[in-house]
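First up is the structure itself, then whatever we jot down about it.
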Amino acid sequence: MVCWPWFCSYNNSCFPASSSFCARGNDFWQLKRLFVLLAVLCSGVRSSIVPQKMYGRITSPNFPKVYPNHKEKIWNITVPKGYSVRIYFTHFDLELSYLCEYDYVKLSSGGKTLATLCGRGSTDTEEAPGNRTYISADNRLVVVFRSDYSNEKPFTGFEAFYAAEGERLAPLQVEEPGLLWAWQFPVLSVPEAAGVGQRRK
Numbered sequence: 008m009v010c011w012p013w014f015c016s017y018n019n020s021c022f023p024a025s026s027s028f029c030a031r032g033n034d035f036w037q038l039k040r041l042f043v044l045l046a047v048l049c050s051g052v053r054s055s056i057v058p059q060k061m062y063g064r065i066t067s068p069n070f071p072k073v074y075p076n077h078k079e080k081i082w083n084i085t086v087p088k089g090y091s092v093r094i095y096f097t098h099f100d101l102e103l104s105y106l107c108e109y110d111y112v113k114l115s116s117g118g119k120t121l122a123t124l125c126g127r128g129s130t131d132t133e134e135a136p137g138n139r140t141y142i143s144a145d146n147r148l149v150v151v152f153r154s155d156y157s158n159e160k161p162f163t164g165f166e167a168f169y170a171a172e173g174e175r176l177a178p179l180q181v182e183e184p185g186l187l188w189a190w191q192f193p194v195l196s197v198p199e200a201a202g203v204g205q206r207r208k
């Protein structure tokens, strides 16, 4: 049984790191987790590799407070192959500039720019997300936040939610009472699986 770095294996099943099963002398799992943590720390603080999952949330630095000047952050969002990434913004408040050349959020997928966003509302030359949603060209979406050296007013940045989208979503099947299975291995122990999606096999 091969588990994600944030899970350990016990009795041919995968359990979250916080589970009591992970504390039963699994030295190999502990060493594996240490190597993953070191790799993340050594990769730099400006780029975040978001693990494969079906949904998530990202925010600008310090959100909901004012975001700092001269800051750049990159999220590399990946969902399982066969899906695309749909992202929408529930809050967006960036400095407005001509063609969004100062502060901006840039969405890219498949080697192309989907949108460059700034301000609070769209103009003739600038785009703000408003109620729009954006969909990646494949199973990867790159989100870049950038602020320049100064802001005349306090801007609070953004909050966005993303989710995997595709025709292969289907209700999860509960193989055993109290055990939730996803992508051919158990990852969570829950009483019910209502309202959650999974890929069809």
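For the sequence shown, the working numbering assigns the number 208 to the last residue and increments by one with no breaks. Heads up, the beta-carbon is just placed ideally off N, CA and C, and yes, glycines get one too. This one's a predicted model, so the numbers in the text were calculated from it and none came from an experiment.
Does the beta-carbon distance from residue i to residue j come in below 8 Å?
i	j	result
I65	Y141	no
P71	T163	yes
D100	R153	no
F168	S67	no
D155	H98	no
S115	L121	yes
P136	F96	yes
Checking the sheet assignment: what are the DSSP bridge partners for residue i?
i	result
L101	The partner list for L101 (beta bridge, DSSP) is empty, contrary to what the question assumes.
S115	T120 and V149
F96	A167
G63	Y169
E79	R153
So, for residue i: in the same chain, excluding its five sequence neighbours on each side, which residues have a beta-carbon less than 6 Å away from its beta-carbon?
i	result
S91	I142, S143 and E172
C107	T123, C125 and E133
L148	I84, V92 and S116
N138	none
E159	none
Could you check which residue in the options has the C-alpha nearest to that of residue i?
i	options	result
L103	S115, S129, K119 and K78	S129
G117	R139, Y74 and I84	I84
V150	N158, L106, Y105 and E79	E79
Below 7 Å CB to CB, which residues in the same chain sit around residue i once its five sequence neighbours on both sides are set aside?
i	result
V86	Q59, M61, V92, N146 and A171
C49	Note on C49: pLDDT 45, under 50, position unreliable in the model; the coordinate value appears next. Nothing listed; no residue qualifies.
S157	N76
K113	T120, T123 and V151
V73	P161, F162 and T163
Using a Cβ-Cβ cutoff of less than 8 Å, which residues in the same chain neighbour residue i once the five nearest sequence positions on both sides are dropped?
i	result
Y105	T132 and E133
N69	P75 and G164
R127	F99, D100, L101, L103 and A135
Can you list, in chain order, the stretches of the beta strand (DSSP E) that have 3 or more residues and sit fully within the stretch 130–156?
-> Taken in chain order, the complete beta strand (DSSP E) segments of 3 or more residues contained in the stretch 130–156 are 140–142 and 147–154.
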